[in-house]
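Note sheet for the following structure.
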Amino acid sequence: MQTENGQRSAAANAAETAAAAEASAYRNAYTGWLRSLPHYFRASTLRMLLRDLYYGLPLPSRVKWALRNRIVRNFKRGRLRVGSYGEGVAGPWSAALALSKRVDAGSAAVQEIVRRPELLREHALPSAAAPVVSVIIPVHNKIEYTIACLLSIRFNRPEVGFEVIVVDDASTDDTAALLAPWPGLRYVRNAENLGFIGACNRGAGLAKGRYLCFLNNDTNVLHGWLDELVWTFDNVPGTGLAGSKLVYPSGELQEAGGIVWRDASAWNYGHLTDPDQPGASYLRDVDYVSGASILIRAEDFAALGGFDVRYRPAYYEDSDLAFRMRETGKRVVVQPASMVVHYEGVSSGRAPTDAVKRFQTINQGKFYERWKLVLARHRRYGNSPESEKERRVAKRLLMVDAHMPFPDRDAGSVTADHYIRIFQQLGYKVTFAPENLRFDPKYTARLQRRGVECLYYPFEHDLRDVLRRRGREFDLVFVSRPYVADKIRRRLRAACPRAKVIYNTVDLHFIRELRQSVIERNPALARRADQTREQELRASAAADCTIVISPAEEAILRRELPQVRIEVIQLIHEEQPAGLPFAARRGLVFIGGAQHPPNLDAVRHFVSDVMPALRAAGSSHGFSVIGSQPAQVHDLACDDVSVLGQVDDITPHFQGALCMVVPLRYGAGVKGKIGTAFSYGLPVISTGVGVEGMDLTEDTEYLQAENASDWVRQIRRLSEDEALWMRLSEAGRRIVRERYSPGRVADRLRDIIATL
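Residue numbering for the sequence shown follows the working numbering, starting at 241 and increasing by one per position.
Following this line, the structure appears as C-alpha cells:
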C-alpha cells in the first residue's frame, strides 16, 4: 500500500508543517555547526567540513539533494567514499552513493534495449535451480520501468540464490514482446487484468523459493537489498514479514515502515526527510511495510491465504497482510539496511481520482471495519508519531559508551556488544550513543540492522542535548567508563527522572594507571591516576548500581564507597567450535590493541625479553600479534614474530595455535583476551597480573610465567604434554559455560534491574 503522507484533507496542514520543519532544520544546521566545533579537534577531516556546509546550505531540500546526486555521479566512487567519520558506503550519504548506481527508466541503457531487443542476450538474469527466494514482480504496461527494475537486480546481484518471476497483468504495450524472451526470467501472462493482488497471488503459486519477495516494477533495487531481508529472517527472532526502506529517486526518504492510525489512515514514517537520519535507519517493529518491497516465507503466505482479495485490485492489502501476520504472533519489521528506490504511482497514479488510486479511499473503509478493535488501541491521526512508530516498545534503555563497539578489535567491545544483545533479549529497545557521536560505516550499521537505534553526528551534536530532548523516554541508562559517566552525570537525574542508572566501570582505570606509573617511573601518570580515581568515585556515587569486573575490584571500591551498591559481572563469552588437534597446533598468539598501553608494553616485553630465550632453547614456535594499531609494533616483526594487525576473523588463529600468551606487566580488571582464549578451548600462559581477579587455579586452569625462564619452561611443558594441554583446554571451556555465558549474565542483569 503506497499512501500519501496523511489524508488528502490534511494536505494544507501537512505542507505548512513541512515548511516549518524545514526552516527549523536550517536554523539547527547553523547553530549545530557551531556547537559541533569540538568534534573537528577530535576527528578533523575535510569530509566533515564539506558535510556540514552541505547541511547548512540555505536551499530547499529537493535542490540540495539534486546537487548532491549530481556531485556523486560526476566523481568516481572511490574518490567519494563517504561515511560519517570513516570510509565506506554505508551510513550517512549512502543513499546518494547508492542512487548513483541506479538504472533510470529513461536511461540510455533501457532505451537501447527497447529499440534493440536482441541486447537482452547480454543481460541474462541469474536463476537458481533451487532458489531460496522467488522475486515476484507484477506488471501492467510501463515496460521501461520494468526493464530498469530488472537491470537493477542484475547489476546489484544478490548473493542468495533466487529466481525472478514477472507476472504480466494483461499489458497492452511491448511488455510481452520484450520480457518473454529475456534469458533467466520466468515470464507469465494473465489473460485478463487481475490487478496487483491477483497478479501477486498468481506469482506466489508459481514460485519455487522458500521465501517470496514481492517487488514493484517501478523500483530500482540497491546493493544488498535482498540479502539483508533474508539476513533478517535468519537473525532476528520471530520475524514473519520484513520490508525495505524506500527512497525517492531524488534521494529523499519515502518511508521507513508505516504507521496506521485509529481511523485506518496511514502515514509513511520519515516521509521527505533525510534517509540517513538515525530514526529511520534501524530495524524495528512497524504497523506495516509497503508491498513495494517485502519478504515473507512462502509457507506463511500460503497459510494466510495470500493477499486478501477483498481489497482488489490494490491498496491496503499489504497492511492487512501485516496485521494478519502479527495476529499469528510473528513480527512485522522494517529493515533499513535493505534499500530500494521507488518511483511511486507509476502504474496506479497519485491523484485520488485515478482509476486504481481511488481504491485507496475505498479500501481504507474495508480495512477499518475488519480491524477496528485493534485500531482502537492506536492514537488518533497525527498524534505522537514518534511514539506510535514503536507502539510495541515497553522498555527503553539508553546505552552510552566512549565509541561504537568494535567486537573484532578489543575485548571491551566484545563485552559491550554482548550487553546490547542481552538487553534486547530482556525486552529493551536499545538506543546507543557513543560519546564521540561518530558514525562508523561498518560497526554502526551492524548495530542498526539488529534493531539498535544509534545516535551520531551530524544529526546529533552533543550528548547533553540528547538527554535534554529525550531523557524522559528512558527507563534505564547504562553508561560505561569513568570519563564518559563523569561528563553526563550531573544531567542524568534531571533529564531522565524515570530512569535507573547503572554505571559500568569496565575496569578500575585508576588502578591500571597507577601500576603503569610505577613501571614507567612516571610521576605525571601517578597524578593522572589520582584524577581518574576521583572521576570513578563520583560516577559510582551518582549511579543506582555500579558494575565491576572482579571481586578484587569490588573490594577496592567498597572500601572507598561503602554506601554504594556494587555488583560483580565478569566477562561475557560464548563457547566456540573446536579447532585443530593437539599434534597439528603450532605457535603462540597474543590479541590486544596496541593503542592500549598495557598491551603495547606486554608485546614489546615478550619480543625483547622472552623470544630470545625461546630461540636459545631451540623452540620452533613463532609469535603472532593480533590487534588494532599494528603500526606501533611493526618494528618487532621478524622471521618468527608476525604482526598481523586487525584480522576479520580470529577463529583460524585461535583454532590452530598452541596457546595464548598474556605477558602483561600492569593493567586492571579481568582480561577479555583470556576469556576469548577459553571460549576456543585455547590454553593460556599468563603473568599474575594477567589473571588477576579471575579466580583461576594455576596448573589446573592456566599456567603462570613471570620471567623469561618461566616462559620457556611453561611453553615447553605445554608443547610436550598433550594430557596437560587437553586438561587446560577443557577447563577453559568449562569456565566459559559456568561463569561467562550470555545466559548467566542475562540472569544476573535481570535480577539486578528488578531490585533497583
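Idealized CB from N, CA, C, for every residue including glycine.
DSSP places E970 in the uninterrupted alpha helix (DSSP H) bounded by 962-975.
Excluding sequence positions up to five before and after R957, its CB lies within less than 8 Å of the CB of L943, L964, all in the same chain and listed in chain order.
Selection V654, T995, D849 evaluated against A948 yields D849 as nearest (Cα-Cα).
When DSSP states are grouped into helix, strand and coil, L418 belongs to the helix group.
Per DSSP, the continuous alpha helix (DSSP H) segment holding I660 begins and ends at 651-665. A contact between stretches requires three or more CB pairs, one per stretch, nearer than 8 Å, and the region 875-892 fails this requirement with the region 789-804. Contact between Y551 and N603 holds: CB atoms are separated by about 5 Å, below the 8 Å threshold. Burial of D747 is indicated by the presence of at least 16 other C-beta atoms within 10 angstroms of its C-beta.
If you draw a straight line from the Cα of D889 to the Cα of K913, it is about 15 Å long.
Excluding residues up to 5 positions away in sequence, I377, V379, Y385, T386, C389 lie with their Cβ nearer than 6 Å to the Cβ of N457 in the same chain.
In the displayed model, E495 falls within a strand according to three-state DSSP. Its Cα nearest to that of D879, the residue G827 stands out among T772, G827, R709. Looking only at R686, P518, T655, S392, the smallest Cα-Cα distance to W465 is reached by S392.
Cβ neighbours of E468 within its own chain (closer than 6 Å, five residues either side excluded): Q575, A577, S578.
Ranked by how close their Cα comes to the Cα of I809, the residues S981, D715, K635, L777 have S981 in first place. Here the region 520-527 lies against the region 681-695, with 3 or more beta-carbon pairs under 8 Å apart. Around the beta carbon of L359, fewer than 16 other beta carbons lie within 10 angstroms, which makes this residue exposed.
Shown here for M900: same chain residues with a beta carbon closer than 6 Å to its own, the five before and five after excluded, namely V829, A917, L922, V924 in chain order.
Residue pairing by DSSP places T671 opposite L638, E693 in a beta bridge. The DSSP assignment places complete alpha helix (DSSP H) segments of no fewer than 4 residues inside the region 907-969 at 912-919, 948-960, in order along the chain.
Per DSSP, the beta-bridge partners of N508 are G498. Shown here, M644 sits in coil according to DSSP, grouped into three states, outside any helix or strand. A447 is bridged by DSSP to nothing; it lacks a bridge partner. For T772, the uninterrupted alpha helix (DSSP H) segment begins and ends at 763-782. Each of A532, G346, H363, D414 was checked against the Cα of F436, and the nearest Cα belongs to A532. The beta-carbon separation of V372 and R450, rounded to 6 Å, stays under the 8 Å limit for a contact.
Out of M644, I759, Q756, A739, the CA that lies nearest to the CA of N676 is found in M644. Beta-carbon to beta-carbon, F607 and A554 are separated by about 13 Å, too far to satisfy the 8 Å threshold. Listed as beta-bridge partners of L716 by DSSP are L637, K740. For S882, the enclosing beta strand (DSSP E) has its first and last residue at 881-885. Selection H749, P821, A616 evaluated against I796 yields H749 as nearest (Cα-Cα). A residue is called buried once 16 or more other Cβ atoms fall within 10 Å of its Cβ, and E941 is buried on that count.
Selection N744, L732, S367 evaluated against L989 yields N744 as nearest (Cα-Cα).
When the five nearest sequence neighbours on each side are left out, the beta carbons in the same chain lying within less than 7 Å of the beta carbon of A818 are those of G921, in order along the chain. Pairing C736 with K727, the inter-Cα distance amounts to about 15 Å.
When the Cα atoms are used, A348 and R355 turn out to be separated by approximately 10 Å.
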